[in-house]
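Okay, so here's the structure we're looking at.
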Amino acid sequence: MSFLEQVVVYLAAATIAVPLFHRFKLSDVLGYLIIGVVLGPSGIAFVSDPERIMEFAELGVVFLLFIIGLELNPARLWVFRRYLINLGATQVFVVGTFLAVLARLLGLDWAAGFVIGFALALSSTAFVLQFLRERNHLMRPHGRAAFGILLFQDIAIIPLLGIMYAMAPATESPVNSHMLLQLVSSLGLIAAFILFGHFLLRPVFRLLAEVQIREAFLAGALLLVLGSGLLMEYAGMTMAFGAFLAGVLLADSEYRHQLEADIAPFKGLLLGLFFIAIGMLADLSYLSTEPLTVLMLVTILVGMKTSLIFFLGRGFKLSLQDSFGLGICLSQGGELAFVILTEAANVNLITQEVQSILVLVVTLSIATTPILYFFYERFFRSLKDEEYDANLPGESEIIIAGFGRFAQIIARVLASKNIPFTAIEKNPSRVEFVRRFGNKIYFGDATDLDLLRAANTEQAKIFILAVDDLEDSVLIAQLIREYFPHLVILARARNRQHELVLRSLGVQNVVRETLHSSLNLTEQILTEQGFSQEDAHSIVETFKEHDAKTLMMQLAVHQDEEALIQTAKSAAEELRALFDRDEQAKEHIDETGPQ
174 MSFLEQVVVY
184 LAAATIAVPL
194 FHRFKLSDVL
204 GYLIIGVVLG
214 PSGIAFVSDP
224 ERIMEFAELG
234 VVFLLFIIGL
244 ELNPARLWVF
254 RRYLINLGAT
264 QVFVVGTFLA
274 VLARLLGLDW
284 AAGFVIGFAL
294 ALSSTAFVLQ
304 FLRERNHLMR
314 PHGRAAFGIL
324 LFQDIAIIPL
334 LGIMYAMAPA
344 TESPVNSHML
354 LQLVSSLGLI
364 AAFILFGHFL
374 LRPVFRLLAE
384 VQIREAFLAG
394 ALLLVLGSGL
404 LMEYAGMTMA
414 FGAFLAGVLL
424 ADSEYRHQLE
434 ADIAPFKGLL
444 LGLFFIAIGM
454 LADLSYLSTE
464 PLTVLMLVTI
474 LVGMKTSLIF
484 FLGRGFKLSL
494 QDSFGLGICL
504 SQGGELAFVI
514 LTEAANVNLI
524 TQEVQSILVL
534 VVTLSIATTP
544 ILYFFYERFF
554 RSLKDEEYDA
564 NLPGESEIII
574 AGFGRFAQII
584 ARVLASKNIP
594 FTAIEKNPSR
604 VEFVRRFGNK
614 IYFGDATDLD
624 LLRAANTEQA
634 KIFILAVDDL
644 EDSVLIAQLI
654 REYFPHLVIL
664 ARARNRQHEL
674 VLRSLGVQNV
684 VRETLHSSLN
694 LTEQILTEQG
704 FSQEDAHSIV
714 ETFKEHDAKT
724 LMMQLAVHQD
734 EEALIQTAKS
744 AAEELRALFD
754 RDEQAKEHID
764 ETGPQ
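In structure tokens, the structure reads:
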């Protein structure tokens with residue numbers, strides 16, 4: 174069966190299974206794992222070579238880490254420093270040592286014990302971060318601690334593999350005299366990448382944005398993610414770590430949210446495929462031949478990691494609740510364990526049978542985490558939902574979509590009164606202009622629902638619709654009415670027909686951009702023609718009231734062209750009659766005098 178046919182089956186299975194798991198309020202990841210088990214060698218054997226799929230599916234983890242990096246500018250990343258450096262290193266050392274000693278007590282030699290202990294000490298970055306993001310728990314204390322530890326684990330893979338190779342038999346070990354040089358080169362490459370990214374990434378994306386071709390911007394985003402990942406892989410790190418670094422470097426840029434909106438669909442699909450591949454790697458035959466051994470190992474792994482990490486959390490001043498949450502989040506084995514165990518089997522530090530059993534144990538341990546976390550949340554009912562940016566200043570209550578001349582006047586008045594606003598604009602030159610206001614600017618197309626959500630539209634109260642393009646304006650109005658019905662929409666209409674369409678969508682506050690300026694000028698023209706100021710103003714007000722009345726009549730028939738034309742003709746005749754009556758009334762007053 175071809176690769177494309179396999180992907181079609183994966184998508185079909187996910188389409189059926191994931192909504193089913195949602196219905197029973199179970200994790201999507203658990204659904205993907207079960208799909209993998211069913212389709213893999215241990216199930217219906219639809220796929221006999223899951224490693225082939227895994228190589229492609231790992232890109233899902235890469236995209237996930239890039240998006241998380243985009244959400245962590247240096248100021249936010251500083252929040253993680255204690256967890257990354259201190260708690261991360263302590264967790265890997267303490268849990269790895271305990272598990273290594275346990276492996277030695279079970280009869281394995283010290284080299285095998287070290288490999289197994291430290292491989293199983295690592296948790297699943299892909300699963301935990303996706304799981305916490307689904308629940309909006311990543312910025313809670315236990316979420317921040319988990320992220321810091323996972324980030325350290327991604328870095329720790331280099332020395333762990335180096336030590337493992339050094340412990341391998343001489344004929345199998347790839348270690349040579351150049352290993353120290355490679356380590357120094359890797360650190361230099363990382364430093365060069367950070368320097369390059371800091372000074373060049375934003376100008377590059379500004380150029381791509383100025384082209385005004387979304388495919389070019391998307392191609393640049395994919396090149397950045399995959400290129401940075403490959404660069405770090407050449408340096409001996411994981412691709413995910415490279416993508417994370419690239420995301421952090423762009424976290425403060427105005428292009429952050431458009432990048433996230435472009436990458437998110439790839440991340441979701443590939444991450445699902447990644448967990449399906451993990452499920453396929455599980456060899457369930459050991460559950461029938463050695464069920465007690467497998468279940469005992471899963472219980473020991475999950476129980477020991479939960480307990481040890483709980484006590485570490487308490488030692489680092491986390492609350493009882495957050496320490497439990499941290500222990501459960503990191504209680505499973507992870508995808509990096511597959512890398513270490515595979516390499517260990519290749520250099521004959523462990524047998525193929527031990528590797529297969531441990532891969533099954535890791536897979537089953539991942540499946541236990543959603544269940545344990547469910548009971549954790551039920552137990553700590555005081556756990557309340559918080560915003561991801563809860564530790565940061567509140568978002569502005571006003572969103573301005575489009576930042577042309579019309580919106581700039583609004584922004585100047587708001588800025589003069591120190592009223593904050595958030596702007597969404599796809600023109601790069603205007604983006605630079607908004608940055609000078611000191612307000613938030615999101616580069617991208619406001620017709621993109623993901624971008625609207627990224628701009629915290631759900632937390633806003635007022636949405637100012639001021640984009641130039643009529644079709645975009647209508648589409649944005651539809652999105653706001655459907656997905657953010659709580660918002661008060663204040664819309665700019667380019668012409669009468671545009672206003673009719675916006676009002677038909679339920680937008681009540683619409684300003685036709687040329688109407689008021691035209692009427693003001695008309696009033697001045699009338700005074701220049703000899704009308705008194707009072708008469709000129711009365712004529713203009715009469716026209717304005719009649720125009721508003723006509724607009725409401727046309728709103729009922731605006732989709733019927735013939736009826737619309739007839740309404741316009743009738744309105745014109747009615748207006749002439751109205752002015753004639755006003756003129757007759759004025760002449761009568763002039764002849765008889767005031768009554």
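Number 768 marks the last residue of the sequence shown (this note's numbering); no jumps.
Glycine included, C-beta positions come from ideal geometry on N, C-alpha and C.
Here the structure is a predicted model, which is why all the values come from computation and not from measurement.
If distances are taken between C-alpha atoms only, which option among V683, L272, L587 comes closest to S480?
Position 307 of the sequence shown, counted from the first residue, corresponds to residue 480. Comparing Cα positions, the closest option is L272.
Top-ranked residue by Cα proximity to L311, from Y183, G498, Y459
As a working mapping, residue 311 is identified with position 138 in the sequence shown. L311 has its Cα closest to that of G498, out of Y183, G498, Y459.
Which one of A517, F369, Y256 has the shortest CA to CA distance from P314?
Here residue 314 refers to the residue found at position 141 when the sequence shown is read from its first residue. Among A517, F369, Y256, the Cα nearest to that of P314 belongs to Y256.
Between T298 and R551, what straight-line distance do the alpha-carbon atoms span, to the nearest angstrom?
By 1-based counting over the sequence shown, the position of residue 298 is 125. By 1-based counting over the sequence shown, the position of residue 551 is 378. A direct Cα-Cα distance of roughly 24 Å separates T298 from R551.
Cβ shell of S350 (< 6 Å), same chain only, five flanking positions each side left out
The count along the sequence shown starts at 1 and reaches residue 350 at position 177. Interpretation of S350 is limited by its pLDDT of 48, a score under 50 that renders its predicted location unreliable; the figure taken from the coordinates is listed afterwards. Excluding residues within five positions, none has a Cβ falling inside 6 Å.
Are the CB atoms of L522 and V274 nearer to each other than 8 Å?
Along the sequence shown, read from residue 1 onward, the residue named residue 522 stands at position 349. Along the sequence shown, read from residue 1 onward, the residue named residue 274 stands at position 101. Result no, Cβ atoms of L522 and V274 do not sit closer than 8 Å.
Can you tell me which of T411, A419, L395, G420 puts its alpha carbon nearest to the alpha carbon of P115?
Limits of the chain in this structure are 174 at one end and 768 at the other, which puts residue 115 out of reach.
A563 versus R306 - alpha carbon distance
Looking up residue 563 in the sequence shown gives position 390. Looking up residue 306 in the sequence shown gives position 133. With a pLDDT of 37 at A563, under the threshold of 50, the predicted position of this residue should be treated as unreliable, and no value is reported.
For N600, which of helix, strand or coil comes out of DSSP?
Within the sequence shown, numbered from 1, the residue matching residue 600 stands at position 427. Looking at N600 - three-state DSSP - the assignment turns out to be coil, as it is neither helix nor strand.
Reduced DSSP secondary structure (H/G/I, E/B, other) of R665
The residue you call residue 665 lines up with position 492 of the sequence shown. The answer is strand: DSSP assigns R665 an E or B state.
Just the Cα atoms here: how many angstroms apart are L454 and I597?
Along the sequence shown, read from residue 1 onward, the residue named residue 454 stands at position 281. Along the sequence shown, read from residue 1 onward, the residue named residue 597 stands at position 424. Computed Cα separation, rounded: 44 Å.
Return the bridge partner residues of R626 from the DSSP annotation.
As a first step, residue 626 is located in the sequence shown; it is residue number 453 there, counting from the start. Answer is none; R626 lacks a bridge partner.
Taking only runs of the alpha helix (DSSP H) that begin and end inside the stretch 638-711, which ones reach a length of at least 4 residues, in chain order?
643-656, 669-677, 688-701
May I ask you to list the residues that DSSP assigns as paired with F616?
Residue numbering aside, residue 616 sits at position 443 when the sequence shown is read from its first letter. In DSSP, F616 forms a bridge with E598.
What would DSSP say about A190, mapped onto helix, strand or coil?
Along the sequence shown, one-based indexing puts residue 190 at 17. Residue state, collapsed to three classes: helix.
Quick one: what's A574 bridged to in DSSP?
Taking the first residue of the sequence shown as 1, we reach residue 574 at position 401. Looking at the DSSP assignment, A574 forms a beta bridge with I597, L638.
Contact between the stretch 609-626 and the stretch 429-445 (3+ Cβ pairs under 8 Å)
yes
Helix, strand or coil at K490 according to DSSP, with G and I counted as helix:
For the purposes of this step, residue 490 is identified with residue 317 of the sequence shown, where counting begins at 1. K490 carries a coil assignment under DSSP once its states are collapsed to helix, strand and coil.
Which of the three DSSP states, helix, strand or coil, is assigned to E508?
Sequence index remark: in the sequence shown, residue 508 carries index 335 (1-based). Here E508 sits in helix by DSSP.
Counting beta carbon pairs with one atom in the stretch 388-403 and one in the stretch 233-241, are three or more of them shorter than 8 Å?
Yes, they touch.
What do you get for I649, buried or exposed, if any count of 16 or more other CB atoms within 10 angstroms of its CB means buried?
Sequence index remark: in the sequence shown, residue 649 carries index 476 (1-based). It counts as buried.
Among F616, E516, A628, P593, which one has its Cα closest to the Cα of G335?
Mapped onto the sequence shown, residue 335 falls at position 162. E516 is the residue among F616, E516, A628, P593 whose C-alpha sits nearest the C-alpha of G335.
Whole angstroms is fine: what's the gap from T715's alpha carbon to F704's?
On the sequence shown, residue 715 is found 542 positions in, with the first residue counted as 1. On the sequence shown, residue 704 is found 531 positions in, with the first residue counted as 1. For T715 and F704, the distance between alpha carbons rounds to 15 Å.
Use the C-beta contact count for Y183: other C-beta atoms within 10 angstroms, 16 or more gives buried, fewer gives exposed.
Within the sequence shown, residue 183 is the residue found at index 10, counting from 1. Flag for Y183 reads buried.
Can you have a look at T188 and say buried or exposed, based on whether 16 or more other CB atoms are within 10 angstroms of its CB?
The sequence position of residue 188 within the sequence shown is 15, counting from 1. Label assigned to T188: exposed.
Just to confirm the assignment: which complete alpha helix (DSSP H) runs, minimum length 4, are found wholly within the stretch 509-554?
Listed in chain order, the complete alpha helix (DSSP H) runs (minimum 4 residues) inside the stretch 509-554 are 525-552.
Are the CB atoms of L260 and L485 nearer to each other than 8 Å?
Along the sequence shown, read from residue 1 onward, the residue named residue 260 stands at position 87. Along the sequence shown, read from residue 1 onward, the residue named residue 485 stands at position 312. Their beta carbons are under 8 Å apart, which means L260 touches L485 by this criterion.
Using the C-alpha atoms, what's the distance from I473 back to T466?
By 1-based counting over the sequence shown, the position of residue 466 is 293. By 1-based counting over the sequence shown, the position of residue 473 is 300. The straight-line gap from Cα to Cα measures roughly 10 Å.
Alpha carbon of A744 to alpha carbon of N693, nearest angstrom:
Numbered from its first residue, the sequence shown carries residue 744 at position 571. Numbered from its first residue, the sequence shown carries residue 693 at position 520. Unreliable placement is indicated for A744, whose pLDDT of 47 sits below 50; the coordinate value is still reported in the next sentence. Distance between the alpha carbons of A744 and N693 is about 22 Å.
In chain order, what residues of the same chain have a beta carbon less than 8 Å from the beta carbon of S538, not counting five sequence neighbours either side?
In the sequence shown, counting from the first residue as 1, residue 538 sits at position 365. Hits under 8 Å: V471, L474, V475, S504, Q505, G506.
Taking contact to mean 3 or more Cβ pairs, one atom from each stretch, closer than 8 Å, check whether the stretch 646-660 and the stretch 677-691 are in contact.
Yes, they touch.
Helix, strand or coil for D558, going by three-state DSSP, please let me know.
Translated into positions along the sequence shown, residue 558 becomes position 385. With a pLDDT of 39 at D558, under the threshold of 50, the modelled position of this residue cannot be trusted; read the value that follows with caution. It is coil, neither helix nor strand.
Expected contact under 8 Å - CB spacing of A540 and L203 to nearest Å
As a working mapping, residue 540 is identified with position 367 in the sequence shown. As a working mapping, residue 203 is identified with position 30 in the sequence shown. About 6 Å; that satisfies the 8 Å criterion.
Distance CB(I208)-CB(A190) smaller than 8 Å
Residue numbering aside, residue 208 sits at position 35 when the sequence shown is read from its first letter. Residue numbering aside, residue 190 sits at position 17 when the sequence shown is read from its first letter. Taking 8 Å as the Cβ cut-off, I208 and A190 qualify as a contacting pair.
What is the C-beta distance between V210 and G577, in whole angstroms, given that I count them as a contact (C-beta under 8 Å)?
Looking up residue 210 in the sequence shown gives position 37. Looking up residue 577 in the sequence shown gives position 404. 54 Å between Cβ atoms; not a contact.
Leaving out five residues on either side along the sequence, give the residues of the same chain with a beta carbon under 6 Å from the beta carbon of F489.
As a working mapping, residue 489 is identified with position 316 in the sequence shown. Only L260 meet the Cβ criterion.
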